[in-house]
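Asker:
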Amino acid sequence: MSAQGVRRGAERSGPAPASRRRGATRGGHALWAGLLLWGALQGCEPPASSTAPLAAPPELATSAWSLTRDQRIARYAQIRDAAAARGLTRTGYLLAGIAHAETGLAHCWSEATWACQGPASVDCGGGPVIAGAGDGPCALREGGLGMFQFDGGTFEQTLQRDGVGILTVAGNVS
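Residue numbers for the sequence shown follow numbering that gives the first Met the number 0, so the first one is 0 and each next one is one higher.
#1: Distance check for V172 and A95, CA to CA, integer angstroms please.
#2: I need the boundaries of the beta strand (DSSP E) containing G117, first residue and last residue.
#3: Report all residues from its chain with a CB closer than 7 angstroms to the CB of V121; omit the five preceding and five following residues, and keep chain order.
#4: I need the boundaries of the alpha helix (DSSP H) containing A83, first residue and last residue.
#5: Three-state secondary structure (DSSP) at S173?
#6: Compare the Cα-Cα distances from A73 to each of G131, D134, H106 and E101 and report the closest residue.
#7: Given a cut-off of 9 angstroms on the beta-carbon distance, is the pair R160 and G151 in contact?
#8: In angstroms with no decimal places, state the Cα-to-Cα distance between I78 and A130.
#9: Nearest to T67 by alpha carbon, out of T90, A111 and Q148?
#10: Specify the secondary structure class of L87 as computed by DSSP and reduced to three states.
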């Protein structure tokens, strides 16, 4: 018998590995999984003192995503074309993914009225661009601007740092 035959035989002579034993630990795994799930859910109950849900600030109470499928496709094309004009020919999808994660592809406030209103943009028909709502009350004018949420402090500081070009879709991409 060859050395390989001896090794194969030795592997077979001992007890089967746990991965090959049928039913030996299935019940044990299910029990542990159930206990872990039960323990995790115990921390999910709200405290007895918090019975009232938190309300959104009045200026953010409305949530509206108004980009249709066709508008999103057109926005994807705008992002791709603006990136290509800057020599970024293979990253259009990545940039579109970032814009989607930041604002749902919205660039204008009219496309996402849940956010704050930023400065006026020609690409928004003279209306405001979307401005981030996570920096405090909209009156502070401190949110990021446009679909990529450029943020250098206040709106004025951001425009001073990045230029007024970021108020357009093409400028926000590049």
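Ideal Cβ placement from N, Cα and C applies to all residues, glycine included.
Answerer: The answer reads as follows:
#1: Near 9 angstroms, if we compare the C-alpha coordinates of V172 and A95.
#2: Here the beta strand (DSSP E) through G117 covers C115 to A119.
#3: Its chain contains T167 as the residues whose beta carbon lies nearer than 7 angstroms to that of V121, once the 5 sequence neighbours on both sides are disregarded; these appear in chain order.
#4: Segment R68 to A84, the alpha helix (DSSP H) holding A83.
#5: Three-state DSSP puts S173 in coil, outside helix and strand.
#6: From the listed residues G131, D134, H106 and E101, the smallest Cα separation to A73 is found for H106.
#7: Taking 9 angstroms as the Cβ cut-off, R160 and G151 qualify as a contacting pair.
#8: In this structure, the straight-line span from the alpha carbon of I78 to that of A130 is close to 19 angstroms.
#9: When each option's Cα is compared against that of T67, the closest is A111.
#10: Coil, per DSSP.
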